[in-house]
Each structure stands twice: as structure tokens, then as C-alpha cells.
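Protein sequences, first through last, are from chains B and L. The opening residue of the first sequence carries number 10 in the numbering used here; numbering runs sequentially from there. The opening residue of the second sequence carries number -9 in the numbering used here; numbering runs sequentially from there. The beta carbon of each residue, even a glycine, is placed where N, CA and C say it ideally should be.
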Amino acid sequence: MSTIDLLQNLLFGIAQGSIYALIAVGFTIIFSATEIVNLAQGEFIMLGAMFTFWFSAPPSIDGSVGGMGLPIYMAVILAVAATSIIGVIMGWVMMRPLKKANSTTMIIITIGASMIIQGVASHVWGKDAVKVQEFTKFNDGAMVIMNVPFLKPIDGVPPQLFLQQQQIWIIGIMLILVILLTLFFNLTMAGKAMRATAMNKVGAKLVGVNVSRTVMLAFGLSAAIGALGGAAIAPIYAQYDMGGLLGLKGFAAAIVGGLGNFPGSVIAGLILGMAEAVGANYASNYKDAISFVILLIVLIISPNGLPALLKRRRK
Amino acid sequence: MDIRTKRFIGAFLFITLIGCVPLFVKNGYHLGILTMVAINTILVIGLNLLMGYAGQVSLGHAAFYGIGAYSTAVFTSSQFGWHPFVAALAGIVISIIVAAIIGIPCLRLRGHYLALATLGFGWIMYIVMKNWEPLGGTSGIEKIPFLVVGNIVINDDQSRFYFTWAVAMIILWITWNIVHSRVGRALRALHTSESAASSLGVYITGYKLQVFLLSAVFASIAGSLYAHCINFVSPNTFNFVTSVQIVVMTVIGGMASVWGAPVGAGAITILVEVLREVGDKVKIMKDSDVIMHGLILVLAMIFMPSGVYCTIFDGIVRLFRRKKTGGAA
């Protein structure tokens, strides 16, 4: 692979990895607040994408699944709101078993929840992939071209990198969300309460944190993040069963980054995305396995994620 | 009546019941479904032990199921031409090795790492089965030879039914003995309190690993039986949905309950078939088994975390006991 091809793959990988990072962050938020491994995280992505489709697509004329024809920015806002409500409901349902059940029971409940969500979605929106319009269409939606000045020019022209406009949206949304979340966790009362709950539930309760409200907030927030990621990827790909594999890869990223480690999961998401994009060049059929192979290797070498491994090495 | 006689009678009734089924069920399709119940029972017993005693869950059990099925398919093919039993043994050995590689690092730690690792492994196996040429890709492997025991060729619905149930019962019996042995007591202690068991000298990691390996072996045996019964394997049988379905069956049957396994396997296998038939006729019920599985998982885990069958069974037993003591007083 030439250097420019490698760079191009890494760039596409970052776009894909941004989605994994968003899912991983969603996992991390719920896991920190509740110690629940939420395997339904991918369904939030799917709901975000499908709601965006539902609100934005033109009404059906031929009996196929149609939408409401709202402008795309309004559709995205509504999709995030709708998904958050579903997330809060899920958090509310989780409350009762959370008090006594062990982590295995909770994992199984989230699997059940994801099956219900996926099953209902397939009934509401059908089983075919749906088409969602791009967020922006400058120059008729042409790809963005960037010159790479530091590489050796070919025939006098500097090599170029390409990116779809939608991919830029995905990366941008991920970056903005990461910044906003960092501010939220460090500056706001609700964010600090959430961190306190993550550290010590009893302690947080003692100093007056409403733990059950924090748990529901965690689910709502995590659903909102997922939905925004889903809305961003919807113009590229949206189908009722997209959540399964996407969710599991994001979840692999959360483990690789060290479960509960916020910056770690973002970086791990990007790494998995890039590894997948580069690996797909050598074995495209096995592309989907790459994340899981990395997950297994990390679990076997250092179950607490790559950050723990690096820390150990440094000592 | 002492407890041993009671158990003997229970086992005898169960065997008679299963033995009589082909006398009443003549339809080959229905008998095939009941044969699948036996195969699913074997799958569930392993996970039942793992979830009930070791408190761990495998979300990739379909992978071990697949290893068994594909080992049989590949090694009994004309290219290798191994005896079916040797092929099944090869599957078992591969399953043990793989399970050990995953289990040893993950079971050292507390928590859900095994669930996560098996989940990843299940997906890898599925993708490999789908794409690796020697395994036939998406179209799978056809024309797997019939099973031969001595001079008997197991090639019709009835003999398949009897043979799979015989294997299932042997495995139930083995499991029953394990549960009621020293190992079983250690496992139960481990389930009640890991710290207490550990302080009394129970080697937690070792026992957990043994249970995990055993469940992988059972899954592999189930896979080999499946391959011989259906004579055809394809990757979609062994995907994540199957892994979850095995968990659903276990949840229905109840954790740490040997007899719950056939109940859970039977209930879900038949439910799925019924839903499929209803779905063909009533449009809105089409593909409703996914939602149904989800509902069962959520409701069962919230309201009956020790398993649906066990909770109901214990409830009935308690009801009778209360009546008895009430009458005496």
C-alpha cells in the first residue's frame, strides 16, 4: 500500500471510528453510573438513524415506508429527543432489577431489551435499508478534496485525500460531543453527581445525590449520544438491524479503552475504526472480525484495557 | 419413600415418556422438532451449569456448537473420511482448546469478562464460517454422512430421535452426578459466596474453568449430533441469535437445575416453531419470535431471576407443603 492509500484508509477509518467512539462513550456513561454492560447501546444508534429517516423522508406515495418530510435539522433534533425518551424509559425499567441482580443478569436484560427494540423497529420501518438525505449538499454533494503538500507530488500534482461531506459531519459531531461531555462532567452539578455515583454509590447517596435520577439521566444521555451518532451515519447507511454489529464494535472499543475510561474509549474507537479500514484492504471479507480479534487479544493480555497495559509497562 | 427411589422413579418416568413419543408422533417434521429439543437440551445443560453455578454467562455458545458441527462435517467428508465418533472427538478437542484460551485469562477476574470475550469469539467464528473456503462459505457443507453405530445406520426420523435423546439423557445423567458430587458441592458453595468458598479452600478459578470447558464440550457434542441429523451445516445456524436463544432456553429452564434444561429447551424450541407457523398465516405476527425472546428475557430476569421453571416449580412445591403443614396443625 502506498503512503497516500494508507492515509486515505486511515481517514475513512477515523470517520467510521468516530461512530464506534460515540457508542463506546455511551457504554462508558451507563457503565460508570450503574455498572451495567448495556448491550442495547447499538440500538440507540439504530433508533437515531431510523427516527431521522422517519421525520425527514418524504411521505410515502406507493405504499412503502414513508416519513413526515420535515427539514433534516429538525428531524435530527426530534430523533435525538425521541431516542432519549426511550433511553430514559429503559433506565427506569432497569432500576428495579439493578438493586439486587448481579452483572450477568443485567447483561441478559439489556440483550432482551435490544431484541425487543430491534423487533419492533423491523415491524415499524420494514426490513429494507432506507435512504436518508445528507445533512449538507455543497457542490451537489461532491467529496471534499484535500491536498497533501508534504508528500512527493505525482506528475507535478500533490497527492490528494478525499472525504464525503457526511463523513466530515460524523467526525465533527464526535469531536463536539466529546468536548461538551468533558465540560458537562467537570463543570455542571449533574455531571459531577454522575461521576460521584460512578465512584461510590452509597457515598453519593449520603451526600445527597439522587441515585435513581442519575441512573435515568445516564441512560437518557447515553441514548441521546447514540441517537446523534445514528443520525449522522443514517445518510450513509440505515437499516433496522444496523445496531447489532455497530453496537458490539463500539462496545469492543469501550473494553479496549478500559471499561469506564472516557478518553480511553474515544481513542480506542478511533483505533478500531482505522484498524478495520486498513485491514479491509488485505481481507475485506474478514473486516467485521478485526474489532473482535483486537477485543479478544486485549481481553487475554490485559482485561482492563490498553491504558492499563501502558501504565504497567511504564512502571 | 426415600429420596433415591423418588429420583429413580422420576428418571424412569422421563425415559418412558420420551420413549413413547414416537408412538404418538408419526409426522416426520414434528419428530424432527422434538429431535432438535434433545440437541438444544444438551446445549442448555452446559450453559445451565455455567450460569447457575459459576455465575458466568457465555454469549458465544453457538460458536462451540458450530465447531462441533463443522468438525463433523469436514472430518467425515470424503476428503478426510474419518469415523463419525473420531470426527466428533476432534470437535470436542478443538472446543476445549479454544475454550481454555478464552477462559483462563477471563475467569481469573471477577465480573463479566467471560461474557464479553465469548461474545467477541462468537462473532469471529461466525465470520470465519461464512468466509473461509474449506468450510463452504455462506452455502455451508452438504451431504454429511449418516451416523453409524455398530451395524445400525441412523437414517430415519425415529432412529435419529432415539439416538439424540439417548445422548441427551447420558449427558443429563453425567451432569446430575457432577452436581451431586464433591465438585457439585464446591460449585454450589462458589455460587453462594465466592469469598467464603475461596477461604475454605475451593479453587474458584479452576472450578469455573472446568464448568466452562464442560459446557463447551457439551455444545460441541450437540453440534456433531446436529450435523448428522440435518446432514447439512451453514453459518447462519451458528450466529449471535442462536447464542442468545440458548441463553433464553437456559433462563426459562432455570439456572443450576439439571431438569430445567429439557423443559427450557422444549418450551422455546416449540414456541419458535409455533410462532413461525402463526407468522406465516397472520401478517402482524411475522418474525415476532425476536420480540418474544426479548420479552421473555427481560421479564424473566426482572421477576424470576432464578429461572421461570424453577420459580414456578418451587412455588407449587411450597404451596403443597404449606397445605400439608396447615392440615397437621
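Within the same chain, Cβ atoms closer than 7 Å to the Cβ of V307 (chain B) are found at I264, V265, G314 and L315, the five residues on either side in sequence being excluded. When secondary structure is reduced to three states using DSSP, M283 (chain B) falls in the helix class. Bounds of the beta strand (DSSP E) holding I154 (chain B) are V153 to N156. The alpha-carbon of K271 (chain L) is positioned some 11 Å away from that of V264 (chain L).
Of all alpha-carbon atoms in L:A212, L:P225 and L:S68, the one lying nearest the alpha-carbon of W113 (chain L) is that of L:P225. Two segments are said to touch when three or more pairs of C-beta atoms, one from each, lie closer than 8 Å; by this definition the region 81 to 95 of chain B does not touch the region 278 to 292 of chain B. The beta-carbon separation of L285 (chain L) and H218 (chain L), rounded to 34 Å, does not stay under the 8 Å limit for a contact. When rounded, the separation of the alpha-carbon atoms in A151 (chain B) and G239 (chain B) is 22 Å.
Annotation: C300 (chain L) has no Cβ neighbours in chain B at a cutoff of 9 Å; minimum Cβ distance is about 14 Å. In the DSSP assignment, Q127 (chain B) falls within the unbroken alpha helix (DSSP H) covering S112 to W134.
For I131 (chain L), the pairing in a beta bridge is given by DSSP as L:V223. Interface flag for F301 (chain B) against chain L is set, since a Cβ pair is found closer than 8 Å. Look at the beta carbons and you see the region -7 to 7 of chain L not touching the region 184 to 191 of chain L: under three pairs across the two are nearer than 8 Å. In the structure shown, the three-state DSSP call for I185 (chain B) is helix.
Under the DSSP assignment, F60 (chain B) falls in the alpha helix (DSSP H) whose first and last residues are Q50 to S65.
Taking all protein chains shown into account, K120 (chain L) has 16 or more neighbouring C-beta atoms within 10 Å of its C-beta and is therefore buried.
With respect to the C-alpha of Q46 (chain L), the residue from B:V224, B:L196 and B:I117 having the closest C-alpha is B:I117. Across the structure, I276 (chain B) and V143 (chain L) are spaced so that their CA atoms are roughly 58 Å apart. Across the structure, V248 (chain L) and Y29 (chain B) are spaced so that their CA atoms are roughly 40 Å apart.
With fewer than 16 other Cβ atoms from the protein chains shown falling within 10 Å of its own Cβ, A199 (chain B) counts as exposed. Counting only unbroken stretches of 4 or more residues, the alpha helix (DSSP H) elements lying wholly within the region 72 to 137 of chain L are 74 to 97 and 103 to 121, in sequence order. Chain order gives the chain B residues near V237 (chain L) as I117 and I120, where near means a beta carbon separation below 8 Å. Our two residues, T165 (chain L) and S171 (chain L), have alpha carbons roughly 10 Å apart in a direct line.
Contacts with chain B (Cβ-Cβ distance below 9 Å) from the region 258 to 284 of chain L involve I274, K276, D277, S278, D279, V280, I281, M282, H283 and G284, listed in chain order. Out of L:W155, L:Y103, L:R308 and L:W122, the CA that lies nearest to the CA of F260 (chain B) is found in L:Y103. Taking each of L:P135, L:S189 and L:V237 in turn and checking the Cα distance to Y216 (chain L), the smallest one comes out for L:P135. For V133 (chain B), no chain L residue has a Cβ inside 7 Å of its Cβ, as the nearest lies near 12 Å away. With a threshold of 16 other beta carbon atoms within 10 Å, R150 (chain L) meets it and is buried.
Checking the DSSP bridge columns, you'll see L172 (chain B) partnered with B:V153. Per the coordinates, the alpha-carbon of I32 (chain L) lies some 42 Å from the alpha-carbon of I242 (chain B). Burial is judged here by how many other beta carbons sit within 10 angstroms of a residue's own beta carbon; W163 (chain L) has fewer than 16 and is exposed.
A Cβ of chain B is located within less than 8 Å of the beta carbon of A107 (chain L). Taking the C-beta atoms as reference points, I57 (chain L) is found no nearer than 8 Å to V76 (chain L). Using a Cβ-Cβ distance cut-off of 8 Å, the region 219 to 234 of chain B and the region 68 to 77 of chain B are not in contact, since fewer than three pairs of beta carbons, one from each stretch, lie closer than that value.
Under the DSSP definition of a beta bridge, V166 (chain B) partners with B:I163. Restricting attention to L:L40, L:N167 and L:D(-8), the CA atom closest to the CA of L199 (chain L) is found in L:L40.
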